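Report on the structure given below.
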């Protein structure tokens, strides 16, 4: 489960027309590119965006396996960009210029002819030491300039990550936002009938690739969440028919119960610095929120109320915690300071509110709303204003933010048949409520949680 | 919440005989727990001439299902035990007094019309409501354990009001 070797070296490549001149010095990554910014920008502040036509060419290579890497990398980049809803990769059959001559210089007229606004070219080369060198260039077809260019050295097995990293670089260059393609999603894979659902902790790349089951389904597991800083997951497990919060180390595969509490612990989530987990402890019919410092194992109680207090989520600066409580009579969303003080309710509209999750950018809180027998995924500002519904269904639940705070994932469960056949799938949706996409998983899924950008 | 439950107890306690049983004891479909019939006391003296029909082992889960019923039901988003549920819990207490070695796990469940984490808390609250009631009826705490399954283990299949009303439940499991 070890993440493959990180990209060893990342080099800026300049506008030289011959690609195999010596690479420019390290540390020049964005240097040659600033001026072109205004020429080609994808505006993502509006709700609906006409996707930008982009030509993603197969990366050129001399040897056969280099050519194959070039095709595979191009395919992954195009798929990432397409799924974002902001780009429309042009069918490769329409391309006029071939990769070999493109490697010398783009014939911009050929690309304008097929209405490409942006062009991605690239090359792959296996090194004498066995590493794979991958470079790409992003061109503005109408301004006829290179916007950015980078080269990476990595182990060949790592080609997918390089593709995601390149897609992130393109996304960032054209939208001004951080990318989110070099990330993973941990979730609960589900199978079987409604009353005997088998649930397995599972992980995959954000595009569904590299799928892996982490537990065997013999024990009920729920609500996994990524650490923002380490290769760890916190989740709920019924090991020994006792529901408790666990840590799962992705590097070692080790599972560890978190603390020794006199009741059920559940609803865990990491603090932004990764040093603590906040969670609920249910005791004598009452659920309260606690914080455990993972270094000292010191436990601090944060709420003190006879109502249900659960689903805590930190603000990205760690100063506040948003949580779910029925202290007002029904499930609503509240915010308190990180030490448990200054509690205030932020939802006042009709219906019940649940599963608040603070955006990594801090500007919004995502939630589940239950209103007139429908479930909604929505977002609002941290003071409860500006509420917008993004998705709706018989049962949609459990929003999670991509690390750039632009895209959310959630799960949608359809009504079960009278024989207990039930369907549950993962989806992503843009912050604006557009571009809802299913994340294709081998079997059903629920409770997605997005990783931070892989370091 | 707890004090409210306890005020129900006195009235309910004296109304109940120990012979209540569930009419419908099918696993997953148990509904009426309030129906009182006169069946199946743990048999003590069998008439030697009559052929013995083997029944569930006294003190077993099946025996509990047949003689008491193994579940109580709750209203939507509520954890107070309704009249029928109180009768069942009282019958359970009497049954446990007959089998002093038996210990019980009380499972708390919710229907699927809530969010996962809240329903875990709600299930725990429901299991604990039953637990508190049994304590008040004199059952010792060391014979009782609670666990919440939230909405994870529905008893009745389907996504409709009838199924949901049966899935909002507390279930007694003989350990």
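Protein chains in written order, with my numbering: chain A, 1 to 455; chain B, 1001 to 1175.
All C-beta atoms in this analysis are idealised placements derived from N, C-alpha and C, irrespective of residue type, glycine included.
Just so you know, these numbers come straight off a predicted model, no measurement behind them.
Excluding residues up to 5 positions away in sequence, 391, 427, 429 lie with their Cβ nearer than 7 Å to the Cβ of residue 436 (chain A) in the same chain.
Rounded to the nearest angstrom, the Cβ distance from residue 1107 (chain B) to residue 1139 (chain B) is 16 Å, too far for a contact under 8 Å. Per DSSP, residue 117 (chain A) lies in no beta strand (DSSP E) and is assigned neither H nor E.
For a cut-off of 8 Å, the C-beta gap from residue 80 (chain A) to residue 70 (chain A) is around 16 Å, too long to register as a contact. A check of alpha carbon separations from residue 448 (chain A) across A:83, A:200, A:144, A:178 identifies A:200 as the nearest. When Cβ pairs closer than 8 Å are counted between the two stretches, the stretch 1141 to 1161 of chain B is seen not to touch the stretch 1081 to 1095 of chain B, the count staying below three. Between the alpha carbons of residue 181 (chain A) and residue 207 (chain A) lies a gap of roughly 8 Å. The beta carbon of residue 1142 (chain B) sits no closer than 7 Å to any beta carbon of chain A. Our two residues, residue 1167 (chain B) and residue 53 (chain A), have alpha carbons roughly 51 Å apart in a direct line.
Look at residue 325 (chain A) here: in three-state DSSP terms it is strand. Residue 156 (chain A) and residue 119 (chain A) have their C-alpha atoms spaced approximately 24 Å apart. Taking C-beta atoms as the reference points, residue 220 (chain A) and residue 238 (chain A) count as a pair closer than 7 Å. Residue 199 (chain A) is bridged by DSSP to A:190.
Residue-level contact check: residue 1158 (chain B) touches chain A, since one or more beta carbons of chain A fall below 7 Å from its beta carbon. Contact of residue 1147 (chain B) with chain A by beta-carbon distance below 8 Å involves 241, 242, 243, 264. When Cβ-Cβ separations below 7 Å define contact, residue 1154 (chain B) makes contact with chain A.
The beta carbons of residue 222 (chain A) and residue 232 (chain A) sit no closer together than 7 Å. For residue 1134 (chain B), no CB of chain A lies under 7 Å from its own CB, so it is not counted at the interface with that chain.
For residue 68 (chain A), the enclosing alpha helix (DSSP H) begins and ends at 64 to 83. Note that the stretch 381 to 388 of chain A does not touch the stretch 151 to 171 of chain A; fewer than 3 beta-carbon pairs, one per stretch, sit closer than 8 Å. With its beta carbon less than 7 Å from one in chain A, residue 1121 (chain B) belongs to the interface. In the three-state DSSP reduction, residue 335 (chain A) falls in the strand class (E or B). For the stretch 384 to 400 of chain A, the set of positions with a beta-carbon nearer than 8 Å to some beta-carbon of chain B reads 394, 395, 397, 398 in chain order.
In the DSSP secondary-structure assignment, residue 1106 (chain B) is bridged to B:1146, B:1172. Under DSSP, residue 425 (chain A) shares a beta bridge with A:412. Boundaries around residue 277 (chain A) are those of the beta strand (DSSP E), 276 to 283, since no alpha helix (DSSP H) includes it. Three or more Cβ pairs closer than 8 Å define a contact, and the stretch 61 to 68 of chain A meets that threshold against the stretch 123 to 133 of chain A. Considering only A:96, A:399, A:328, A:341, the residue with the shortest C-alpha distance to residue 356 (chain A) is A:399. Of A:77, A:299, A:226, the smallest CA-CA separation from residue 186 (chain A) is found for A:226. Secondary structure of residue 406 (chain A) (DSSP, three-state): coil. In this structure, residue 90 (chain A) sits away from residue 73 (chain A), with a CB-CB distance that is not shorter than 7 Å.
Contacts with chain B (Cβ-Cβ distance below 9 Å) from the stretch 184 to 197 of chain A involve 193, 194, 195, 196, 197, listed in chain order.
Between the stretch 169 to 177 of chain A and the stretch 1126 to 1141 of chain B there are fewer than three inter-stretch CB-CB distances shorter than 8 Å, so the stretches are not counted as touching. Contact annotation: in the stretch 1106 to 1120 of chain B, residues whose CB is within less than 8 Å of a CB in chain A are 1112, 1113, 1114, 1115, 1116, 1117, 1118, 1120. Closer than 7 Å to the CB of residue 1067 (chain B) there is not a single CB belonging to chain A. In the displayed model, residue 168 (chain A) falls within a helix according to three-state DSSP.
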